[in-house]
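A.B. asks: Residue numbers (UniProt numbering), protein chains in the order written: chain A, 1 to 331; chain B, 1 to 331; chain C, 1 to 328; chain D, 1 to 328.
Quick reminder that beta carbons are idealized off the backbone N, C-alpha and C, glycines included.
Sharing a structure with you now.
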Amino acid sequence: MAELSNAPAPSQEALVDIYRRMIRIERNDDAIRKTIRLGRLVMPYYSARGQEVIPATISSLLTDDDKICTIYRGIHDMVAKDMPLRPLWAEIAGRVDGTCKGKGGPMHLTHPETGVMVTTGIVGSSMPIANGLAWAAKLDGSKRVTIAYFGDGASNIGAFHEALNLASVWKLPVIFVCQNNGFAEHTRYENGTSVDFIAKRAIGYGMPGHTVDGNDPLAMYAAAHEAITRAREGEGPTLLECKTFRFLGHVLGDDDKYMTKEEKAAAIAKDPLPAFKAWLVAQGHATEDQLADMQAKIEAEVEDAQEFGLASPLPSVDELRRDVFAQEMPA
Amino acid sequence: MAELSNAPAPSQEALVDIYRRMIRIERNDDAIRKTIRLGRLVMPYYSARGQEVIPATISSLLTDDDKICTIYRGIHDMVAKDMPLRPLWAEIAGRVDGTCKGKGGPMHLTHPETGVMVTTGIVGSSMPIANGLAWAAKLDGSKRVTIAYFGDGASNIGAFHEALNLASVWKLPVIFVCQNNGFAEHTRYENGTSVDFIAKRAIGYGMPGHTVDGNDPLAMYAAAHEAITRAREGEGPTLLECKTFRFLGHVLGDDDKYMTKEEKAAAIAKDPLPAFKAWLVAQGHATEDQLADMQAKIEAEVEDAQEFGLASPLPSVDELRRDVFAQEMPA
Amino acid sequence: MTAKKMNSLQAVNSALAQAMAEDNKVLVLGEDVADREGGGVTGATAGLSTRFGDDRVKSTPISEQAIIGAAIGAALSGYKPVAEIMLMNFTTVAMDMIFNHAAKLRFMSGGQSTVPITIRTLTGAGWQTAGQHADHLEGWFAHTAGIKVVAPSTPADYKGLLLSCIQDPDPCIFIESAGSLFIPGEVDEVATPIPLGKARIVQEGTDITIVSWSSQVLRCQAALPALAEAGISVELVDLRTVSPWDREAVLASVAKTGRALVVHEAVRDFGPGGEIASTIAEELFGQLKAPVRRLGAPKSPVPFAKVLEDAYIVSPERVAEAVKALMA
Amino acid sequence: MTAKKMNSLQAVNSALAQAMAEDNKVLVLGEDVADREGGGVTGATAGLSTRFGDDRVKSTPISEQAIIGAAIGAALSGYKPVAEIMLMNFTTVAMDMIFNHAAKLRFMSGGQSTVPITIRTLTGAGWQTAGQHADHLEGWFAHTAGIKVVAPSTPADYKGLLLSCIQDPDPCIFIESAGSLFIPGEVDEVATPIPLGKARIVQEGTDITIVSWSSQVLRCQAALPALAEAGISVELVDLRTVSPWDREAVLASVAKTGRALVVHEAVRDFGPGGEIASTIAEELFGQLKAPVRRLGAPKSPVPFAKVLEDAYIVSPERVAEAVKALMA
Ligand SMILES: Cc1ncc(C[n+]2csc(CCOP(=O)(O)OP(=O)(O)O)c2C)c(N)n1
Ligand SMILES: Cc1ncc(C[n+]2csc(CCOP(=O)(O)OP(=O)(O)O)c2C)c(N)n1
Ligand SMILES: [Mg+2]
Ligand SMILES: [Mg+2]
């Protein structure tokens, strides 16, 4: 794990905070999967296990005021952004106390208070909307930034292109964060994408683009710091390509036939979570005990959220007439 | 007009043929405009006056078997491809002898025999369809190529991105020809486009991209030759950005308020038509007389086509029930 | 209130100016909309960027997805963007943003997100722009949950309804149509918003109700003198808002007249008229003196040749004929 | 002919294999469709690339505009491409290619261009995929001139109709729907194409006609036993093709029964049922014993929570209720 020279080193506090976000993502993901396997949650689940570092690091540099737009594979992004877990669980359980009253579900989780503005199930569509959030920040004279999360496959759809071009022409405070996990559903990166590094596409929009090891918190910190600073200072957008891997295939239950056992095993062997933990301890940034304590608290939070979510009432069918328009529709 | 060293020089015959196509475009355009001004043709007209060199040069390297997809500003592309003028005129006059029986009009002229496959009024949409034509050529084991014409403004729409990426991944025999006239309707290049040269976007698709003086037949010949050869030899697509200028604004009648008189005058002063003609004569590639003779023949062809078109009968209203589906719809 | 003679295009410009002056959250974006670009190809937005600043009136690249996306994002942040999609056929390149996002974010977020955008778009046959520039697609949007569909026919309605769209908390698509754009009328300089969802009775009558909207209202109106001469008393209802449509007004009118004709410029087949006609037939079953008929464009793309385009549009003569047939 | 028990997903696979074997101009393209990518996320195209080669079965990037564009271009060159758009909501990102191009090129070219493509797409509520993955948009396409809309409900129809779509000279959108995809049935291994535009009488009856299509047919069928018990003789018509729809069959049936209920999974408001209901009411005016009623989804995005999703879909119980109300 190499520290980049021309970037501010994260403080000890920041490092531990990144780890906190990572372990919160992982513990929550683990609980969701277990609950699904027990049949107590029914939903399509796109686990981001393996991709924790990216949003954990980025979120460590954001405030509640900063916004994110994310995708179906985005619960890690929300948890990293410190979205509370109780309404998250109630939502994925389809209950009234969910962020969206159970109407949106896992692919459309929304929590404006922590800046989780839009979660979309349409590949590529986080980006054009993120521009609008960034435009509003500019109009407000605010220094807040917007992050658009998306996958490698999404970099091949039209919305990517239009969004990056507009962001550059309008110099918007937005960061386009591509979580390149090497696959788009079952399609390997190089079979769908014509360029070796997605970051190169930034050249076509006159904006900076960087390919980063998305499993390396220090590299991610440096790149994210630079991009976020640029955006806050009114210098415009950046494209960050963060290389990573999804350990659990496209959707929970996916049989992974389209990849080799070896490559999967090799990727999992490089799991950033234990590696970063060991590094933190080795470097003296935290003790095993401190981290165990942190983890225990998070597990308690997750358990509480799970119980809360699954105990929350089911929505009334009247909800079909509400929130379609601002005014409730007649029965 | 500099000859490029690493490209085959066009033969004398080719040079004269390029000029023939240019003057055929220009004479035809002139006649269309006059006929509109006389009120004998009613249609939205997007003149390409000033852009003749691009399709004239490219078409000199194509056969009838090669295909083009073009746009509302595309009559020059068709005329360069040697589309016959009689059905062209009948079509823009909305008559039964038109290429499209008067149903498509100027924005949808189609003439498969000369390879004019699709003319679209939707910015960017020539490109995805051109890919399919190129894919078919590959499946057929044919060496034919497809040209997708489009404007600089079109390089900012999603279809551009998706088409270039797919063409590269599939290694299709297609050439993306951007006729960069510096404006998208009333919007100046740099106010809509985030990169200084559209050709740079090719980097993002792992394909060659070149910016060429689109008013210089020799430069265009060299670049087109290279791209077409690549495509014919199965090496995949190329993006050509051809810099040019439209002398008559976006649509006939446009008042050009969005540009300065000076820049327009400067561009018109560099009109490639008289310049190329003078060069041909000076270089001894043709005599004034030969070119005058050629022009006279073309003017006769245009006049004949105009008369033919305006004399052709109006379509019957039954045509609304025909060609919607393969089978005629009941009355 | 001072009224002025203006056409519907000018009424749009006037509405935008009034809305921007009254509420600094109102923004305008779209291709060529700023004055640097001539204030719009038709001039609909002329003068706005000069008056309200380049921050609030922004020309965009040719990127309809990016346009609607930017509008949505700004709306989520408290702004009221008016996005122009030059022509309705180009909504197809932004349809994901409109259908999957603008229309649905409120519901999918359980009411947390509000997307008060207005999409202005022009369409309609009559200008020989052929197959890709003139479709009336209001039926698609009316079938979409979460978006309102507004289709005025007079300058005063263009202005008053656009003002309402801009202030409405829901996304609205505001349809400007070739056949009515340049017809002049009286418009208040400072206008009162006209409520969405309320029809306008263009002419009262007792024999038959014609329901129409957008430019087609004018073609129906043009048929009225001949029908009056034929002794037929027509009630002409301009829906103004296609969705939500004014069921009460329509049903009340047909309950009175006992006959209904629904006329739109859109393709008849599976068109928006089906909703209105079948609702009338269902709700007033047994009370009708004649079947409810629908007129619309044939199932064909819009043709180029003038003679075909004329036949494509439902003319005043065809309206009159259909009314007479229903009275027979 | 040997028949085999298979579900509709397998029937699709079987149809594609048969079509590709019979005609080497048939191509398949879409996201993940080749065997290298697992033969489709659902397995609909499994085995095809291995059997017919990677040239004829091509996985694509996530680029729906490019997918449909490539299909159109290949079709213009004599091929018969079957393009998969994974889910119907994603047709919105390719809508320009479908609506402005595939559907219109024949007309706009005066008959020179022919675009025999088939767009296969899956949709339908029931899998808790929420607001952006389950809309039934057949109404939009049925309103579009130049494209045929096919929506089968049984494995045999999935196969026979898909074969017809592929061979049809016009663009077809072939709608696969969650509610019917995994229901098994008998399918011929080498099947005969089922003609487009012809309805299927699922059950003959004399009291009332139910018109439906796609998965909704199965929910109507599930209501039949209860209705039979209540002594109501129902004629259930599966349209199979939504556009062009089988007017003759529907009108003949309703002329016989005197009552009609149109039921679809799509949103009721401005939905495709409006065309059918208003046509029935118009053509059979004065002959009906009850108003023509329509059932469909509420005007709402598809909700996530199971309890809401269940209420969103028109259940067999609601079909039965509506029938009984019409008989009352
Ligand atoms: C427009 C659109 N097309 C197709 C899909 C189906 N789909 C869902 S996820 C996915 C793969 C996306 O891959 P990538 O962008 O790399 O993100 P990842 O899932 O790997 O995080 C596809 C094709 C979709 N949701 N939207
Ligand atoms: C999708 C779409 N958006 C907008 C338009 C309206 N429009 C027609 S031409 C044009 C400008 C295109 O500019 P460019 O691509 O540079 O081509 P040029 O006209 O300069 O040849 C625009 C915006 C359209 N036809 N299609
Ligand atoms: Mg991926
Ligand atoms: Mg241009």
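Out of curiosity, what's the CA-to-CA distance linking ILE72/D and PRO184/C?
C.D. replies: Approximately 43 Å, taken between the alpha carbons.
A.B. asks: Is the separation between the beta-carbon of GLY146/D and that of LYS104/D shorter than 8 Å?
C.D. replies: Taking 8 Å as the Cβ cut-off, GLY146/D and LYS104/D qualify as a contacting pair.
A.B. asks: Return helix, strand or coil for TYR149/B, following the three-state DSSP convention.
C.D. replies: TYR149/B: strand per DSSP, three-state reduction.
A.B. asks: Below 8 Å between beta carbons: does that hold for ASN13/C and ALA44/C?
C.D. replies: Yes; because the gap between Cβ atoms is below 8 Å, this pair is in contact.
A.B. asks: Leaving out five residues on either side along the sequence, give the residues of the same chain with a beta carbon under 6 Å from the beta carbon of PHE141/C.
C.D. replies: ILE147, VAL149, ILE173, listed in sequence order.
A.B. asks: Please classify residue 351/A as buried or exposed, where buried requires at least 16 neighbouring CB atoms within 10 angstroms.
C.D. replies: The structure shown has nothing for residue 351/A, since chain A only spans 1 to 331.
A.B. asks: LYS4/D by DSSP, collapsed to three states: which one?
C.D. replies: Looking at LYS4/D - three-state DSSP - the assignment turns out to be strand.
A.B. asks: With a threshold of 6 Å on Cβ separation, who are the neighbours of ARG86/A within its own chain once the five nearest residues in sequence on each side are excluded?
C.D. replies: So the list reads ALA305, PHE308, once near-sequence residues are dropped.
A.B. asks: Using a Cβ-Cβ cut-off of less than 8 Å, list which residues of the stretch 22–39 of chain D approach chain A; keep chain order.
C.D. replies: Those residues of the stretch 22–39 of chain D that come within reach of chain A (Cβ to Cβ, closer than 8 Å) are GLU31, ASP32, ARG36, GLU37, GLY38.
A.B. asks: LEU133/B to SER59/B, Cα distance in whole Å?
C.D. replies: C-alpha separation (whole angstroms): 17 Å.
A.B. asks: For PRO315/A and ALA151/D, which I take to be in contact (beta-carbon distance under 8 Å), what is that distance rounded to the nearest angstrom?
C.D. replies: 30 Å between Cβ atoms; not a contact.
A.B. asks: Within 7 Å: the Cβ of PHE183/A and any heavy atom of ligand 3?
C.D. replies: At least one heavy atom of ligand 3 is nearer than 7 Å to the Cβ of PHE183/A, so yes.
A.B. asks: Can you tell me the Cα-Cα spacing of LYS34/A and ILE23/A, whole angstroms?
C.D. replies: Spanning the two alpha carbons is a distance of roughly 16 Å.
A.B. asks: Identify which residue in CYS165/C, ILE232/C, VAL234/C, LEU261/C has its Cα closest to the Cα of VAL211/C.
C.D. replies: Minimum Cα distance to VAL211/C is reached at LEU261/C.
A.B. asks: Is PHE183/B helix, strand or coil when you go by DSSP?
C.D. replies: Here PHE183/B sits in strand by DSSP.
A.B. asks: Hey, does ASN89/C have any beta-carbon neighbour from chain A nearer than 8 Å?
C.D. replies: For ASN89/C, the answer is no, since every Cβ of chain A falls outside 8 Å of its Cβ.
A.B. asks: Classify LEU38/A as buried or exposed, calling it buried when 16 or more other Cβ atoms lie within 10 Å of its own Cβ.
C.D. replies: Exposed: under 16 other Cβ atoms inside 10 Å.
A.B. asks: Classify GLU309/D: buried if its beta carbon has 16 or more other beta carbons within 10 angstroms, exposed otherwise.
C.D. replies: GLU309/D comes out buried.
A.B. asks: Residues in its own chain within less than 7 Å of ASP269/D by CB, not counting five upstream and five downstream?
C.D. replies: The answer, listed in chain order, is LYS299.
A.B. asks: Apply the 10 Å Cβ neighbour rule to GLY234/A and answer buried if 16 or more other Cβ atoms are within range, or exposed otherwise.
C.D. replies: GLY234/A comes out exposed.
A.B. asks: Please classify LYS243/B: does DSSP put it in a helix, a strand, or coil?
C.D. replies: Correct three-state label for LYS243/B: strand.
A.B. asks: Measure how close the beta-carbons of MET97/D and THR121/D come, nearest whole angstrom, since I'm counting them as under 8 Å.
C.D. replies: Not confirmed; about 13 Å, so no contact.
A.B. asks: In chain A, what lies closer than 7 Å to ALA290/C by C-beta?
C.D. replies: Correct list: empty, because the minimum Cβ distance to chain A is about 30 Å.
A.B. asks: Where in the stretch 134–158 of chain D do unbroken runs of the beta strand (DSSP E), each at least 3 residues long, occur, reported from the N-terminal end onward?
C.D. replies: Here the runs fully enclosed are 148–150.
A.B. asks: Out of curiosity, what's the CA-to-CA distance linking VAL217/C and ILE198/A?
C.D. replies: Straight-line Cα distance between these residues: approximately 52 Å.
A.B. asks: Between MET22/A and chain C, is the shortest Cβ-Cβ distance under 8 Å, so that the two count as touching?
C.D. replies: Cβ-Cβ to chain C under 8 Å: no for MET22/A.
A.B. asks: So, for ILE32/B: in the same chain, excluding its five sequence neighbours on each side, which residues have a beta-carbon less than 6 Å away from its beta-carbon?
C.D. replies: Excluding positions up to five away in sequence, the list is empty.
A.B. asks: Hey, is MET117/A's beta-carbon within less than 8 Å of any beta-carbon in chain C?
C.D. replies: Answer yes: the Cβ-Cβ gap between MET117/A and chain C drops below 8 Å somewhere.
A.B. asks: Beta-carbon separation of CYS178/A and MET117/A under 8 Å?
C.D. replies: Contact: no.
A.B. asks: Based on the DSSP secondary-structure assignment, which residues constitute the bridge partners of HIS264/D?
C.D. replies: The partner list for HIS264/D (beta bridge, DSSP) is empty, contrary to what the question assumes.
A.B. asks: Taking 8 Å as the threshold (C-beta atoms), are ILE208/D and THR257/D in contact?
C.D. replies: Yes, they are a contact pair.
A.B. asks: Please report whether the beta-carbon of THR206/C lies at a distance below 8 Å from any beta-carbon of chain A.
C.D. replies: Taking Cβ atoms only, chain A never reaches closer than 8 Å to THR206/C, which makes this a no.
A.B. asks: Does GLU275/C pass the burial test, meaning 16 or more other C-beta atoms within 10 Å, or should it be called exposed?
C.D. replies: Buried, because 16 or more other Cβ atoms sit within 10 Å of the Cβ of GLU275/C.
A.B. asks: If I measure Cβ to Cβ from MET1/B and keep anything under 7 Å in the same chain, skipping five residues before and after, which residues do I get?
C.D. replies: Bear in mind that a pLDDT of 36 at MET1/B, under 50, signals an unreliable position, so the number given afterwards is only what the model happens to contain. Only ASP216, LEU218, TRP279 meet the Cβ criterion.
A.B. asks: I'd like to know if the stretch 74–81 of chain A and the stretch 111–128 of chain A are in contact, where contact means that at least 3 CB-CB pairs between them fall below 8 Å.
C.D. replies: Segments in contact, yes.
A.B. asks: Output the boundary residues of the alpha helix (DSSP H) element that contains ILE278/C.
C.D. replies: The residue you asked about is not Ile; residue 278/C is Ser in the sequence shown. 273–283 is the span of the alpha helix (DSSP H), which, as asked, contains SER278/C.
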